[in-house]
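Participant: Got a structure here, written out as structure tokens. Questions coming.
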Amino acid sequence: MTDSIVLKLNGLSKHFGPVIANDNVSLTLNKGEVLALLGENGAGKTTLMNMLFGHYLPDAGSIEVADEGGVLRPLPLGHPQVALASGVGMVHQHFTLAENISALDNITLGSEPLLSLRRNRRAARRRIEGIMAQSGLSAPLDTPVGRLSVGERQRVEILKALYRNARILVLDEPTAVLTPQEADTLFENIRLMTDEGLSVIFISHKLREVLAFSDRIAVLRHGRKVGEMATSEADEKSIAQMMVGAETPELAGSYLTPGDPVLTMSGVSVAGRSKRDTLTAIDLTVHAHEILGIAGVSGNGQSGLANVIAGLVRPEQGLIKVDGVEIASPTPAKMVRAGVGRIPEDRHHEGIVGAMSVAENMVIERLKDPEVQSYGLLRREDIQDNAERLSKAYDVRGPGVDAPARLLSGGNIQKLILARVFDLSPRLILANQPTRGLDMGAAAEVGKRLLNARARGAGVVLISEDLDELLSLADRIVVIRDGELHEAPGRDREQIGLMMAGEPA
Amino acid sequence: MIRIELRQTQSRAFTLGVPILSAVIALGFAAIPLLAAGANPIAAYAEMFRGVFGSVFAFSEVLTRATPLIFTGLAAALAFRAKLWNIGAEGQLYLGAMAAVAIGSGVLDITGILLLPLIVLMGAAAGAAGMVAPTYLKTRFGADEVVTTLLLNFIILIFVQMMLEGPLQDPMGLGWPQSAPVLDQGMLPPLMERMRVHSGLVLALILAGLAQFMLARSVWGFKLRAVGENAAAARHAGINVNRSLFGVAILSGGLAGLAGVSEVAGLKGYLTADLSPGFGYTGIVVAMLAGLSPVGVVIAALFIASVFVGADSMSRAMGVSSFLADLVVSVSLLCVLVGGFVARYRIVRASTARAVS
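Those protein sequences? They're chains A and B, same order as listed.
Heads up, the first sequence is in our numbering, so the first residue is 15 and it goes up one at a time.
Heads up, the second sequence is in our numbering, so the first residue is 16 and it goes up one at a time.
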């Protein structure tokens, strides 16, 4: 292993509107090295790699990549083809393979001249077999990719990058889809490849595999690089601390004695389509005057929990009570009537009907209300007045209440949803990632509204990937992992970080 | 690099001007085949205009032709608003027509004033019934309704032919595959002396106005729009998406069934297997031209009917092939649809985004 630098990221920054995804991040990668890029969801790992690969154009900063002779040259930004040609290969979390054609064709696809009359499949096969022998990666080349296992598909993706002469390989959460045995094999193969001079960046939030397989670790948090060290000098505790931050924020609300339970879930199970929406016999109680925070790495069952409370999914097993009343076979309408206010995770997709007016979106959950309709006809003046009133009270700004809701900015769409939810004085509020993508001001507004509802006597379920947000708002924190809930023993950030990462507390 | 994006706002003059300009451009394009066929385009278009507005009779023919198109256009427009792609209006039209002759030709011993309302109701119900199975398959199993409704058209048409040579055949019809005529008291009364335009048009106009009102002003219309624009958000907000889809499916099928009733009980008097020259499919075009607005459907149906009727009389007067009429219609449609796209979207050059590199 030599120590010549193959990649330098110099002060990369990227904003999406008011949200800072990466702030002045610099990294170097040496030849034959495995660099682990760690961070919570939303820490900016994927954005950083997408800038390297040319999918995003950085607001500031530059990238240098070594050419075949080992000389660093600036990489033109924003051109995936150029990045590919300079030897940067990326394997995404979601594979980009055509399922109906063979692995061989998938690997060669796109690297053949478009107008050549004869495809030289024999030469391609020889080359791929050579790469397979060298790297230890094997995959059946003639089977349609649709019939391959997930692990085999991943190997095809890596072979595709190597076939294009990748000297730098980026793996975005490669083990998320693999069994532990498959993961071990993958890492052995990666070792074989780095011995041949390949350099690897792998993105992960599993501490154990990072410690076992990487040479160096870089940690991102809130878009900044907060730490970098040789793996030999790192331990789980210090990395977890870096990932989640050192200081615990002050509780924003004053202490209130919890009241009666407003939500009780006992033994609730949901067999989802994936890990994201699967729940295994969870028990959960939320009291009046209480904000319950749900912490966890994304995709561990948060969607399943939110869908059940929102009434979108009927659990296979278990009992749900809102305000002491059992909700049999819940639907969204039943939940709203029972006094559940829902702030959905994806506000554009589930929160609003973009083509309908702001005023209509503000009453969409209460179409049976006599203030909204009489004899099945909409009371347009009342709907209008309601919208004017709510826009003022919740500071919803935009081209007016008659304009389509899609014309509002993200923050104002969230305010529209808050207005609709809080105006009904719900007993229980489900807030799923309520501040994601919002700027500081709008995020603070959401927090304030949740605390006000808590003071009024509502219970709140706050699902968030931002531990700072949970620690400052939640009275109690529960960690969700693999569809199960684990009560966090207090507000210890490090402990929670370890629980999220799957370490025994 | 260019990019296409939705216009944030569109001026009223723009919205109205684009379709008119598109129609003019269409006539310009259609002049090319007319020239090739050896006709003087200006004289041809003058004939076409005369064929539409030249006399009361000419215009009444346009109204007669527009009537079924308003029904099928409404059927498509309402369903498409909810993103329910009912391509089966043609079949539902025949179901409605079959119900009309089955009840109206004296099989049932109903006479007098009750017969006509019963024909109208049962015709609509028959059309609606044609939508039940496709909608059930869609909501229950996710079957694509484009395929199911489209294929049902052919099944229904063959069923009609079977019935016309079997139970529904006119015993006095000398063996022709046609039904017995609808009794006089079951016929939709004509609107004018010695003209073919009938009161089915009035029913169509009332229903278009009602649909427009209900879409904008009723809770039912609110739900329909929400389901069509964003089904996930509608479901999240507590709207029963499947129930809304069933509701609009029944209405859409019913309206298409009324097109059949109107043709049989308003115009032809009896049913044959060539009752509709594709009114169901043309209804889809009408709805798209109208931007799925019910009042727009009336205007679009009148436009298409004018082009058909006008092009017919043009081809007769100028001695050119009647297929040129179809050509004129197609070119107008393409131009108006492209025009509608231009009115809704704009094309932006995306080169600025790359300026940094």
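All C-beta atoms, glycine included, are put in the ideal place defined by N, C-alpha and C.
#1: If distances are taken between C-alpha atoms only, which option among B/Thr-79, B/Phe-338 and B/Ala-104 comes closest to B/Leu-89?
#2: Does B/Asn-257 come within less than 7 Å of chain A when only Cβ atoms are used?
#3: To the nearest angstrom, how far is the alpha carbon of B/Arg-369 from that of A/Leu-464?
#4: Scan the segment 360 to 393 of chain A for residues whose Cβ lies nearer than 7 Å to a Cβ of chain E and list them as they occur along the chain.
#5: Whose C-beta lies closer than 8 Å to the C-beta of A/Ile-431 among residues of the same chain, with five residues either side of it excluded?
#6: Ignore the nearest five residues each way along the sequence and tell me which others in A/Ala-57's own chain have a CB closer than 6 Å to its CB.
#7: When the distance is taken between beta carbons, is A/Thr-189 closer than 7 Å to A/Glu-197?
#8: Give a yes or no on whether the minimum CB-CB distance between B/Val-234 and chain A is below 7 Å.
#9: What distance in whole Å lies between the Cβ atoms of A/Ile-19 and A/Asn-44, which are believed to be in contact at a cut-off of 8 Å?
#10: Give the residues from the segment 422 to 449 of chain A that approach chain B closer than 7 Å (Cβ to any Cβ), ordered along the chain.
#11: Check whether chain B comes within 7 Å of A/Pro-346, counting only Cβ atoms and requiring the distance to be less than that.
#12: When you compare only the Cα positions, how much space is there between A/Lys-382 and B/Ala-280?
#13: Under the three-state reduction of DSSP, which class applies to B/His-213: helix, strand or coil?
#14: Verify whether the separation of the beta carbon atoms of B/Ala-226 and B/Ile-85 is less than 7 Å.
#15: Under a three-way DSSP split, which group does A/Met-104 fall into?
#16: Does the beta-carbon of A/Lys-28 have 16 or more other beta-carbons within 10 angstroms, so that it is buried, or is it exposed?
#17: Name the two residues that bound the continuous beta strand (DSSP E) containing B/Ser-120.
#18: Excluding sequence positions up to five away, which residues of its chain have a Cβ less than 6 Å from the Cβ of A/Asp-274?
#19: Taking 7 Å as the limit between beta carbons, can you name the residues of its chain near A/Arg-139, skipping five residues before and five after?
#20: Pull the bridge partners of A/Ala-137 from the DSSP assignment, please.
#21: Hey, which unbroken runs of the alpha helix (DSSP H) at 4 residues or more fall wholly within the segment 117 to 199 of chain B?
#22: Taking Cβ-Cβ distances shorter than 7 Å, what residues in chain A pair up with B/Ala-92?
#23: Given a cut-off of 7 Å, decide if B/Ala-271 and B/Leu-108 are closer than it, judged by their beta-carbon atoms.
#24: Using a Cβ distance threshold of 8 Å, determine whether the segment 71 to 90 of chain A contacts the segment 106 to 115 of chain A, with at least three qualifying pairs required.
#25: Would DSSP call A/Gly-332 helix, strand or coil?
#26: Can you give me the C-alpha to C-alpha distance between B/Ser-366 and A/Gly-92, rounded to a whole angstrom?
#27: Pick out whichever of B/His-251, B/Thr-150 and B/Ala-114 has its Cα sitting closest to the Cα of B/Ser-194.
#28: Name the two residues that bound the continuous beta strand (DSSP E) containing A/His-500.
#29: Reducing DSSP to helix, strand and coil, say where A/Val-460 ends up.
#30: Given this structure, state the Cα-to-Cα distance separating A/Gly-527 from A/Arg-222, to the nearest angstrom.
#31: Taking Cβ positions, are A/Ala-99 and A/Phe-67 nearer each other than 7 Å?
#32: Spatial neighbours of B/Ala-316 within its chain, please: C-beta separation below 7 Å, excluding the five flanking residues on both sides.
#33: Quick check on B/Ala-370 - is its C-beta less than 7 Å from some C-beta in chain A?
#34: For the segment 153 to 181 of chain B, which residues have a CB atom closer than 9 Å to at least one CB atom of chain A, in sequence order?
#35: With distances taken Cα to Cα, identify the nearest neighbour of B/Ser-259 among B/Pro-56, B/Leu-167 and B/Leu-93.
#36: Check A/Asn-446 in the structure and name its three-state DSSP category.
Facilitator: Straight from the coordinates:
#1: B/Ala-104
#2: Proximity of B/Asn-257 to chain A, defined by a Cβ-Cβ separation below 7 Å, is not satisfied.
#3: Reliability fails at B/Arg-369, whose pLDDT of 38 lies under 50, so the model's placement of it is uncertain and no value is given.
#4: Reference to chain E is not applicable here, since the protein chains of this structure are A and B.
#5: Ile-357, Pro-358, Arg-361, Gly-365 and Ile-366
#6: Leu-234 and Arg-235
#7: Here residue 197 of chain A is Ala; the residue named in the question, Glu, does not match the sequence. Going by C-beta atoms, A/Ala-197 is nearer than 7 Å to A/Thr-189.
#8: yes
#9: 6 Å
#10: none
#11: It does: the Cβ of A/Pro-346 has a partner Cβ on chain B nearer than 7 Å.
#12: Rounded to whole angstroms, the separation of the alpha carbons of B/Ala-280 and A/Lys-382 is 40 Å.
#13: In the structure shown, B/His-213 sits in a strand (DSSP, three-state: E or B).
#14: Cβ atoms of B/Ala-226 and B/Ile-85: not closer than 7 Å.
#15: In the three-state DSSP reduction, A/Met-104 falls in the strand class (E or B).
#16: It is buried - the Cβ of A/Lys-28 has at least 16 other Cβ atoms within 10 Å.
#17: Note, B/Ser-120: premise wrong, no beta strand (DSSP E); not H, not E.
#18: Ala-302
#19: Leu-118 and Leu-155
#20: Its beta-bridge partners do not exist; DSSP assigns none.
#21: 130 to 156 and 160 to 179
#22: Result: empty, since nearest Cβ-Cβ is about 16 Å, beyond 7 Å.
#23: yes
#24: With the cut-off at 8 Å, the segment 71 to 90 of chain A and the segment 106 to 115 of chain A do not touch.
#25: In the structure shown, A/Gly-332 adopts extended strand secondary structure according to DSSP, grouped into three states.
#26: Low per-residue confidence applies at B/Ser-366: pLDDT is 43, beneath 50, and the placement is therefore not dependable, though the value from the model is reported in the following sentence. If you take the alpha carbons of B/Ser-366 and A/Gly-92, they lie about 12 Å apart.
#27: B/Ala-114
#28: 498 to 501
#29: helix
#30: Limits of chain A in this structure are 15 at one end and 519 at the other, which puts residue 527 of chain A out of reach.
#31: Against a cut-off of 7 Å, the Cβ pair of A/Phe-67 and A/Ala-99 comes out as no contact.
#32: Ala-81, Leu-84, Ile-85, Gly-88 and Val-301
#33: Low per-residue confidence applies at B/Ala-370: pLDDT is 33, beneath 50, and the placement is therefore not dependable enough to give any value.
#34: none
#35: B/Leu-93
#36: strand
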